[in-house]
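*Asks:* Before anything else, here's the structure in question.
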Amino acid sequence: MLLKKLSISLITVVSLLCPSFQVFAADVILGGQSIGIELDYEGVMITGTYEISIDNHPYDPASDGFMSGDLITKVNHQDIESIQELMNEIKACVEKKQEIILTLRRQKQTFEKELKFQTKDHQFTTGLYVQDGLTGIGTMTYYNPQNHHFGALGHMMCDTSLSSDISVKNGTIYHSYVKNIKPSQNGNPGEKIADIGSIEIGTLFDNNNYGIYGQYTNLSGKNQTISTASIDEVELGDAYFLTVLDGHTMSRCSIRITHLKKQSEPDIKGITFEITDNEVLSLTNGIVQGMSGSPIIQNNKLIGCVTHVDMNNVHQGYGLYIDWMLKNDK
22 MLLKKLSISL ITVVSLLCPS FQVFAADVIL GGQSIGIELD YEGVMITGTY
72 EISIDNHPYD PASDGFMSGD LITKVNHQDI ESIQELMNEI KACVEKKQEI
122 ILTLRRQKQT FEKELKFQTK DHQFTTGLYV QDGLTGIGTM TYYNPQNHHF
172 GALGHMMCDT SLSSDISVKN GTIYHSYVKN IKPSQNGNPG EKIADIGSIE
222 IGTLFDNNNY GIYGQYTNLS GKNQTISTAS IDEVELGDAY FLTVLDGHTM
272 SRCSIRITHL KKQSEPDIKG ITFEITDNEV LSLTNGIVQG MSGSPIIQNN
322 KLIGCVTHVD MNNVHQGYGL YIDWMLKNDK
């Protein structure tokens, strides 16, 4: 049986003094909204295997060279991009009693392997668990009205449970509704429990180490324009970030910036902060998954976004300078 992994919780995952640098300051529309993200593989990803019976002998595809993270791109040289297309091609081969050859991508290499299968009661079973995309929850950082681009997350979206190095570039973002919060504990970050809506916000054109970027097509609600700050303008001390903790309502979370890295090239964890907002802490007990991308504001300027949690102290988090998001918005 081929099974699709329906959702993956998005990451708020558990750097050189330098000379002056180019500033990418801009006036943007402030984010803070909860978003649902769907990324599409250029094929179908193997996420695991299970044992089947071939000629009355136990058989596990993992023992035959199939690995989690392998991307299936073709069946008997026919391109496939979805689970439905994969199933249709395999079913046609089974009915014709043809040998099934899969084209796989692994670690930038392409090769072919025979797919074995078990048939019973006119059904076929392959021993493969698969998915054709990633689904997750995050936070919008900004919208750029000059080019209708958006930036969110502040880090790459990927399935860390897989060994694949394949990055997914294309996808769609939607409105999201936060239903509940699972609080964080040291060593075990919590998460936002949310539903992905049907209202499409835009399409993605990049998914890199500094966020997801795309073209927005639907911008609703009150839109606050804000200037972005250069790295040299960011200071130690009080600031806040915006994120959704209930429904569609944005909450303001007070923080104190405790350390800053001066960086001349894009790098992660430039901003270190701790949450000082007792009301937010009573709900989340710290940084939770789904806060990634939450815009950080200081002195009425957008300075960056939340990206990581300190696994040993979930009240403490890290942020990416907004300069690096603007530079990577191409």
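Position 140 of the sequence shown, counting from 1, maps to 161 under my numbering, and the rest follow consecutively.
In this text, a Cβ means the ideal position worked out from N, Cα and C, and glycines have one as well.
Note that the structure is a prediction, hence the values are computed from the model and not measured.
(1) Does the distance from the C-beta atom of ASP298 to that of SER313 stay below 8 Å?
(2) Taking GLU110 and GLN99 to be in contact with their CB atoms under 8 Å, please state how far apart those CB atoms are, rounded to whole angstroms.
(3) Can at least three beta-carbon pairs, one atom from the segment 52-62 and one from the segment 314-332, be found at a separation below 8 Å?
(4) Within 10 angstroms of the Cβ of ASN239, are there 16 or more other Cβ atoms? Answer buried if so, exposed if not.
(5) Should LEU347 be labelled buried (16 or more other beta-carbon atoms within 10 Å of its own) or exposed?
(6) Taking only three categories from DSSP, how would you classify VAL151?
(7) Between GLU102, THR124, GLN105, ASN97, which lies nearest to PHE87 when the distance is taken from Cα to Cα?
(8) Please report the distance separating the alpha-carbon of THR33 from that of GLY148.
(9) Measuring alpha carbon to alpha carbon, tell me which of SER219, LYS351, LEU263 ends up nearest THR162.
(10) Rank LEU302, MET271, LYS290, VAL189 by C-alpha distance to the C-alpha of VAL199 and give the top, closest one.
(11) Checking 8 Å against the spacing of the C-beta atoms, do PRO166 and THR305 come in under that value?
(12) Leaving aside the five residues before and after GLN127 along the sequence, list all residues of the same chain whose C-beta is less than 8 Å from its C-beta, in chain order.
(13) Residue range of the alpha helix (DSSP H) that ASN349 falls in?
(14) Which same chain residues, not among the five before or five after ILE252, have their C-beta less than 6 Å away from its C-beta?
(15) Which residues share a DSSP beta bridge with PRO79?
(16) Pull up the CB-CB distance for GLY325 and GLY159, whole angstroms please, since I reckon it's below 8 Å.
(17) Check whether the segment 129-149 and the segment 67-84 touch, using three or more Cβ-Cβ pairs below 8 Å as the test.
(18) Apart from the five residues on each side of it in sequence, which residues of its chain come closer than 7 Å, Cβ to Cβ, to HIS280?
(19) Please identify the residue among HIS176, ASP48, ASN320 whose C-alpha is closest to the C-alpha of TYR234.
(20) GLU295 by DSSP, collapsed to three states: which one?
(21) Output the distance between the C-alpha atoms of ILE58 and GLY340, rounded to the nearest integer angstrom.
(22) In the structure shown, what three-state DSSP assignment does TYR101 receive?
(23) With DSSP as the reference, label GLN43 as helix, strand or coil.
(24) Which value, in whole angstroms, describes the spacing of the CA atoms of GLU135 and TYR261?
(25) What do you get for GLN43, buried or exposed, if any count of 16 or more other CB atoms within 10 angstroms of its CB means buried?
*Replies:* In short, the structure shows the following:
(1) no
(2) 6 Å
(3) yes
(4) exposed
(5) buried
(6) strand
(7) THR124
(8) Residue placement at THR33 is flagged as unreliable, the pLDDT there being 38, under the threshold of 50; a coordinate-derived value is accordingly withheld.
(9) LEU263
(10) MET271
(11) no
(12) Looking at the sequence itself, residue 127 is Arg, so the reference to Gln does not match. MET88, GLY90, ASP91, LEU92, SER185.
(13) 343-349
(14) TYR342, ASP344
(15) SER74
(16) At roughly 15 Å, the Cβ-Cβ gap does not stay under 8 Å, so GLY325 and GLY159 are not in contact.
(17) yes
(18) THR293
(19) HIS176
(20) strand
(21) 20 Å
(22) Here residue 101 turns out to be Ile, not Tyr, going by the sequence shown. Here ILE101 sits in coil by DSSP.
(23) Confidence in GLN43 is poor, its pLDDT being 48 and thus under 50, which makes the residue's placement unreliable; the coordinate value appears in the next sentence. Coil.
(24) 55 Å
(25) Below a pLDDT of 50, predicted positions are generally treated as unreliable, and GLN43, at 48, falls in that range; the measurement from the model is reported next regardless. GLN43 comes out exposed.
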